[in-house]
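In my numbering, the protein residues as written are 9 to 282.
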């Protein structure tokens, strides 16, 4: 009887181990809206609308302080908009992983999409989650986040024709003798933040336990999703995109985004990443 009980306990433990699931990893990336500029002091306003009041209850602990998600861990790479002084914020998900300016490792008192996203995922999955966030304000897809397979930046045909008509330069148009430097600068800036993003994600995934103590090496991890929140700098870029009345204004953005999705999946060896 004692042997049977021991065997049963051993079997139960083995079954539990066999059911261990890969750590769910979500990647969040983009510009200022992904950074997040909503301050904690504004939370009360969410409770004034009956539609959003239930969300506020989930954002706060019983004592009224911002909720800390016990099953969600953050690695957040950010810094000044030019990427000159990046730093990593770490810890369990709570308020404070929003925009941080030139103090990237310190709680900035703000939230971005990661806060309610993480709360929702924790509620839905009921298992450990790792969120890797990379965000900097004022960055475009056509230049700073430009994916490698998109090729070198080129002026649209209609913009090139406009520049050709103004060799002496005009508002927003460099002089002919300055255009090589303009293109060289554009090439130098192209893809810089894409590479920072990919390098950081790979660094975190090389040692998930550094960020998420509950990571089970035997179970591994799964890149379960990628969230992209970006677009304003492309919206206002009149050099890259035709005027508002032109047909196909954002065809180039669509092309770049398709390259971006394919390149991220390829660079992270996650061909089915949603």
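In this text, a Cβ means the ideal position worked out from N, Cα and C, and glycines have one as well.
All values derive from a computational prediction rather than experimental measurement.
I need the DSSP call for residue i, collapsed to helix, strand or coil.
i	result
residue 276	coil
residue 201	helix
residue 161	coil
residue 65	helix
residue 59	coil
residue 281	coil
residue 84	strand
residue 149	coil
residue 257	coil
residue 107	coil
residue 21	Unreliable positioning characterises residue 21 in this predicted model, as indicated by a pLDDT of 44, which lies under 50. The coordinate reading is nonetheless provided below. If DSSP states are grouped into helix, strand and coil, residue 21 belongs with the helices.
residue 247	coil
residue 266	helix
residue 47	strand
residue 131	helix
residue 271	helix
residue 15	For residue 15, the predicted model reports a pLDDT of 41, less than 50, meaning its position is unreliable and no value from the coordinates is stated.
residue 92	coil
With residue i and residue j assumed to form a contact (beta carbons below 8 Å), what rounded beta-carbon distance in angstroms separates them?
i	j	result
residue 197	residue 151	5 Å
residue 126	residue 116	With a Cβ gap of about 16 Å, residue 126 and residue 116 do not count as contacting.
residue 75	residue 67	6 Å
residue 139	residue 48	At roughly 19 Å, the Cβ-Cβ gap does not stay under 8 Å, so residue 139 and residue 48 are not in contact.
residue 89	residue 146	4 Å
residue 149	residue 123	24 Å between Cβ atoms; not a contact.
residue 155	residue 233	Going by Cβ atoms, the distance from residue 155 to residue 233 rounds to 18 Å, so no, they are not a contact pair.
residue 180	residue 251	12 Å between Cβ atoms; not a contact.
residue 223	residue 194	That belief does not hold up - the Cβ atoms of residue 223 and residue 194 are roughly 40 Å apart, past 8 Å.
residue 176	residue 165	Not confirmed; about 21 Å, so no contact.
residue 28	residue 226	7 Å
Between which two residues does the beta strand (DSSP E) holding residue i run?
i	result
residue 34	31 to 38
residue 97	95 to 100
residue 113	Run containing residue 113: none; DSSP gives neither H nor E here.
residue 143	137 to 143
Could you spell out the range, first to last residue, of the alpha helix (DSSP H) harbouring residue i?
i	result
residue 243	240 to 243
residue 73	Here residue 73 belongs to no alpha helix (DSSP H), and DSSP marks it neither H nor E.
When you compare the CB positions of residue i and residue j, do they come within less than 9 Å of one another, or not?
i	j	result
residue 235	residue 106	no
residue 142	residue 204	yes
residue 41	residue 237	yes
residue 44	residue 119	yes
residue 239	residue 261	yes
residue 35	residue 243	no
residue 33	residue 216	yes
residue 61	residue 55	yes
residue 213	residue 136	no
residue 199	residue 144	no
residue 128	residue 267	no
residue 95	residue 86	yes
residue 202	residue 153	yes
residue 77	residue 130	yes
residue 272	residue 98	no
residue 51	residue 59	no
Using beta carbons (cut-off 9 Å, strictly below), is residue i in contact with chain D?
i	result
residue 165	Any reference to chain D falls outside this structure, which holds one protein chain only.
Q: Enumerate, from N- to C-terminal direction, the unbroken beta strand (DSSP E) stretches of 3 or more residues contained entirely within the region 174 to 237.
A: 229 to 237, all fully within the region 174 to 237.
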